[in-house]
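Below is one structure; the comments refer to it alone.
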Amino acid sequence: MKKLSRDFYDRDTKEVAQELLGKYLVHHIEDQIRIGRIVETEAYLGGKDLASHSSRGMTERNKIMFGPPGYAYVYLIYGMYYCMNTITEKEGIGAGVLIRALEPIQDIEGRTQGPGLLCNAMGITKQLYGHDLLSDNFYLAEKENDPFKIIKRPRIGVDYAGKWAQKLLRFYIKDNPFVSKR
DNA sequence: CAAATGATAGGC
DNA sequence: CCTATCATTTGT
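In the numbering used here, the protein residues as written are 829 to 1010.
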């Protein structure tokens, strides 16, 4: 499988979010290789996007978002679940793409239809915070040639973000059963 | 609909 | 320093 290059992430966040659909998330754990196909993403912009952690400036938690593209931003939410993002665009922007759902491909146990569940099933924890996605044990890989239709919807669970909550920054593969409900 | 559960951002 | 809040999930 072909690893995605740094250049892939160094582009407009909305484009990266859409093109991430269908690609593979690969995590080597000891002698296992866990692989999931990305079926749902959300774009989190830098600057004024109130739904993004980066909208209130750089903090101890989100500073990795302001770094160079192609790194993982993993954080704990609601005290019990991890969420994983990939950093996009140039250093200093603070943008990224949240991986919301995966289709299990290999060595995956449990459900993957939701940001918290998928991290659990993939074995993603905060030890992968700031991890380079071009490394050998944790990376994203190119998709096979199989076409699908992309649906655009408002993001989920970000009602507090005012008008930003209604923007069409959530993307998923049409008719894929592994996309999260709601 | 509410609880579980802990890091953290922002107010004091 | 304190505490309301949160890019969630599950069960009643």
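By construction, the Cβ of each residue, glycine as well, lies at the ideal position given by its N, Cα and C atoms.
Residue 916 is positioned such that its CB atom lies no closer than 8 angstroms to that of residue 1000. Comparing C-alpha distances from residue 931 to each of 1009, 842, 841 and 863 shows the shortest one belongs to 863. Residue 1002 places its beta carbon 8 angstroms or farther from that of residue 850. For residue 841, the enclosing alpha helix (DSSP H) starts and ends at 841 to 848. Remark: three or more beta-carbon pairs, one from each stretch, lie closer than 8 angstroms, so the segment 929 to 946 and the segment 858 to 872 are flagged as touching. For residue 966, there is no enclosing alpha helix (DSSP H); the enclosing beta strand (DSSP E) covers residues 966 to 969.
When 887, 884 and 873 are compared, the shortest CA-CA separation from residue 913 is found for 873.
Residue 889 sits close to residue 903, with the two beta carbons spaced by under 8 angstroms.
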